[in-house]
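Asker: Residue numbers (my numbering): 389 to 699. Backbone N, C-alpha and C fix where the C-beta goes; we use that ideal spot for every residue, glycine too.
#1: Given a cut-off of 9 Å, decide if residue 554 and residue 445 are closer than it, judged by their beta-carbon atoms.
#2: Can you grab the Cα-Cα spacing for the pair residue 485 / residue 455, in whole Å?
#3: Expressed to the nearest angstrom, what Euclidean distance is found between the alpha-carbon atoms of residue 426 and residue 669?
#4: May I ask you to check if the CB of residue 561 is nearer than 8 Å to at least one heavy atom of the ligand FAD?
#5: Can you tell which of 646, 483 and 566 has the C-alpha that lies nearest to the C-alpha of residue 506?
#6: Going by beta carbon distance, what residues of the same chain come within less than 7 Å of residue 527, once the five residues before and after it are set aside?
#7: If distances are taken between C-alpha atoms only, which option among 434, 491, 440 and 643 comes closest to residue 542?
#8: So for residue 496, helix, strand or coil by DSSP?
#9: What's the gap between the Cα of residue 420 and the Cα of residue 400?
#10: Would you please verify whether the beta carbon of residue 537 is less than 9 Å from any beta carbon of chain C?
#11: Residue 471 and residue 463 look like a contact to me (Cβ under 8 Å); what is the Cβ gap, rounded to whole Å?
#12: Using only the alpha-carbon positions, how far apart do residue 535 and residue 467 sit?
#13: Within this structure, are the beta carbons of residue 483 and residue 415 separated by less than 9 Å?
#14: Return the CA-CA distance between residue 402 and residue 688, expressed in angstroms with no decimal places.
#15: Determine the DSSP secondary structure at residue 750, reduced to helix, strand or coil.
#16: Would you decide whether residue 563 is buried or exposed? Buried here means 16 or more other CB atoms lie within 10 Å of its CB.
#17: Express the C-alpha separation of residue 394 and residue 519 in angstroms, rounding to a whole number.
#18: Give me the residue from 548, 475 and 637 with the minimum Cα distance to residue 428.
#19: Alpha carbon to alpha carbon, what distance is there between residue 516 and residue 473?
#20: In three-state DSSP terms, what is residue 619?
#21: Which residues mark the beginning and the end of the beta strand (DSSP E) in which residue 516 is found?
#22: Given a threshold of 16 other Cβ atoms within 10 Å of its Cβ, counted over all protein chains shown, does residue 438 qualify as buried or as exposed?
#23: Pull the bridge partners of residue 522 from the DSSP assignment, please.
#24: Could you tell me the distance, in whole angstroms, from the CA atom of residue 581 to the CA atom of residue 433?
#25: So, is residue 492 buried or exposed, given that buried needs 16 or more other C-beta atoms within 10 angstroms?
#26: Less than 9 Å between the beta carbons of residue 476 and residue 459, yes or no?
#27: Taking the alpha-carbon positions, what's the residue 457 to residue 559 distance?
#28: In this structure, does DSSP put residue 482 in helix, strand or coil?
#29: For residue 430, I'd like the list of residues in its chain whose CB is within less than 7 Å of its CB, leaving aside the five on either flank, ordered along the chain.
#30: Anyone know if the C-beta pair for residue 422 and residue 404 falls short of 9 Å?
#31: Please classify residue 640: does DSSP put it in a helix, a strand, or coil?
#32: Quick one: is residue 513 buried, meaning 16 or more other Cβ sit within 10 Å of its Cβ, or exposed?
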């Protein structure tokens, strides 16, 4: 599923790069369409039970991904050619994407087009200051390279979950956005919100052994519920060392599962990249052979001794 994420205004750093003295106005715009290790806006604004923040983990975007992607730079994720400002194809083009320690930086020399000139002026005036990017985190089997973590936090009485993205498999575009807040009310975003809620419900069901009841309390520390006297008696009988050992085992199992999912995703991405590289090399070889055949035919028609030529 193609997903879009808005980068908070204070983090995206959209600005026009200054030129050296005496070189006139700059047309180079830089920004941070992707931030690593920070919480996103709430991905499930329609949920009555939980708030879900997303964290893009470091290394979820690789240079290899950038080098095999076709990324368009536009306004508001528009597919119209008239709204295109730049492009990065296989790591090259008028749009440059560079991985930094905590973010991916975009840099684009704005062309002399109507949309680019208008957008550049709006950025200078401060009318446009937000950025967004579109991506996919699924592997070839359709499985998402993500894990969900329930925290001990609450927001307006709703439990807080974290959606960790370990590997992004596709980059579609980066965009200047005029109304970033409205992205949270779009139909597509609501569909993504419902899909995230469904994934968390399935995880809770697995943790509860397939039972649908009491899913909100499943897996939580029962010692925190002190409203039932019988529960207090049970707490006294528990061995703290056994509980600590169980928690450590659960944490270790969780980390192992996350590492395994991450390793699997990286292996699949590497295999896909190698396959694409082989296919590209075969295409280039066929092109060279076809070009050589055309040259031989031309030389025959002109009476040139083709045996003495190296194709």
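Answerer: Per the coordinate set shown:
#1: yes
#2: 10 Å
#3: 39 Å
#4: The ligand FAD is absent from the structure shown, which contains no ligand whatsoever.
#5: 566
#6: Hits under 7 Å: 533, 557, 653 and 656.
#7: The option with the nearest alpha carbon to residue 542 is 440.
#8: strand
#9: 5 Å
#10: Protein chain content of the structure displayed is limited to a single chain, and chain C is not contained in it.
#11: 5 Å
#12: 31 Å
#13: It is not a contact, given that the beta carbons lie outside the stated cut-off.
#14: Taking the straight line from one Cα to the other gives about 58 Å.
#15: In the structure as shown, the chain starts at 389 and stops at 699, and residue 750 therefore has no counterpart that could be examined.
#16: buried
#17: 6 Å
#18: Restricting attention to 548, 475 and 637, the CA atom closest to the CA of residue 428 is found in 548.
#19: Cα to Cα, residue 473 sits roughly 14 Å from residue 516.
#20: For residue 619, the pLDDT reaches just 48, beneath the cut-off of 50, and the residue's location in the model is therefore unreliable, leaving the point undetermined.
#21: Taken as a continuous stretch (DSSP letters only), residue 516 belongs to no beta strand (DSSP E), as it is neither H nor E.
#22: buried
#23: 392 and 561
#24: 8 Å
#25: buried
#26: yes
#27: 6 Å
#28: coil
#29: 439, 440 and 441
#30: No; because the gap between Cβ atoms is not below 9 Å, this pair is not in contact.
#31: Here residue 640 sits in helix by DSSP.
#32: exposed
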